[in-house]
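Visitor: For reference, the structure I am asking about is given below.
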Amino acid sequence: MMAVRCLAENLNQFNFVPGVQTPEEYGKHMIRESGLFDYDEELDGFYGYRRYGEQRAQKEGGQFNECGYVAYQGTVLLEELLRDAPTEQWQGPQMGGLS
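So for the sequence shown, numbering that gives the first Met the number 0 puts the first residue at 0; every next one is plus one.
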């Protein structure tokens with residue numbers, strides 16, 4: 000459960016593009032909608048959306064799934080981030096004692 004909490008606390012380190020499920024869709028999103036490029040509709044036939052999407056996803060280490068595209072962009076390895084999450088141990092109800 001702490002891994003989920005750790006991920007939730009670090010959502011700003013992930014790039015999530017809902018509904019994008021293929022490299023071509025990701026390439027289109029990045030070129031047309033991300034704001035990183037000046038998209039020109041008249042040049043649409045010249046853009047290599049699939050190739051760009053493949054290269055970018057590979058560089059980012061991203062994955063496509065049924066919900067969209069996700070890539071971790073943090074500076075710490077994801078495995079380290081999750082490993083450093085404190086482990087939650089259930090200790091049951093506790094009563095404060097009198098000393």
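Beta carbons: idealized from backbone N, C-alpha and C, even for Gly. Bear in mind the structure is a predicted one, so any value in this text is a computation, not a measurement.
#1: Indicate the three-state DSSP secondary structure (helix, strand or coil) for asparagine 9 in the structure shown.
#2: How long is the line joining the alpha carbons of arginine 49 and glycine 26, rounded to whole angstroms?
#3: Take glycine 44 as the anchor and find which of Arg31, Ala56, Glu53 has the nearest alpha-carbon.
#4: Report the option in His28, Glu78, Gln57 whose CA atom is closest to the CA atom of valine 16.
#5: How long is the line joining the alpha carbons of phenylalanine 63 and alanine 70, rounded to whole angstroms?
#6: Confirm, please, whether the CB-CB distance from glycine 73 to phenylalanine 13 is below 9 Å.
#7: Start and end of the beta strand (DSSP E) containing glutamine 157?
#8: Could you say which of Leu77, Cys66, Gly47 lies nearest to glycine 60 if we only look at CA atoms?
#9: Can you tell me where the alpha helix (DSSP H) holding tyrosine 48 begins and where it ends?
Guide: The answer reads as follows:
#1: If DSSP states are grouped into helix, strand and coil, asparagine 9 belongs with coil.
#2: Near 6 Å, if we compare the C-alpha coordinates of glycine 26 and arginine 49.
#3: Measuring from the Cα of glycine 44, the nearest candidate turns out to be Arg31.
#4: Of the residues His28, Glu78, Gln57, the one whose Cα lies closest to the Cα of valine 16 is His28.
#5: Using only the alpha carbons, I get a separation of about 9 Å.
#6: Result yes, Cβ atoms of phenylalanine 13 and glycine 73 sit closer than 9 Å.
#7: Here the chain comprises residues numbered 0 to 98, so residue 157 is not present and cannot be evaluated.
#8: If we check each option's Cα against that of glycine 60, Leu77 comes out closest.
#9: Here the alpha helix (DSSP H) through tyrosine 48 covers 48–59.
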